[in-house]
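Trainee:
Numbering (the working numbering), first residue to last: 534 to 677.
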């Protein structure tokens, strides 16, 4: 793994460009394409995030911990590229759950149609009553 060392070569100041690239990749996929928005979500400045992603600063542990907690970052993947990017994989809908969801939608649509049908029937009755009143008024006016 290529590393970059600063003028002071202490362990905390040596960091990996690979980690920086993986940090950028994770951020754009799972946090935000916007560096500013991602920085806000991680409670750091956009400049600090930029430095970490460009390899100019080490990736802070508090940021990694927050990414693990909030965005399911797989820290193993970040540190050495092994495994999946996230610890939790999104639940893929099964045929049964999809069918159940469709069934629920159909039931909701049926209930909605019943309400519309009742409202439409009531509207027709009102129109018929109003037409009768208008017809009666027209007959009274015609007799005068």
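Just so you know, even glycine gets a beta-carbon here, dropped at the ideal spot from N, CA and C. Predicted, not measured: the structure shown is a model, and the values here were computed from it.
#1: Assuming residue 602 is part of the alpha helix (DSSP H), what are its boundary residues?
#2: If you draw a straight line from the alpha carbon of residue 573 to that of residue 579, how long is it in whole angstroms?
#3: Can you check DSSP and say which residues form a bridge with residue 619?
#4: Give a yes or no on contact between the region 555–566 and the region 576–596, applying the rule of three or more CB pairs nearer than 8 Å.
#5: Counting only the same chain and skipping the five closest in sequence on each side, list residues whose C-beta sits under 6 Å from that of residue 575.
#6: Determine the DSSP secondary structure at residue 667, reduced to helix, strand or coil.
Mentor: Taking the coordinates as given:
#1: 594–604
#2: 8 Å
#3: 606
#4: yes
#5: 596, 599
#6: helix
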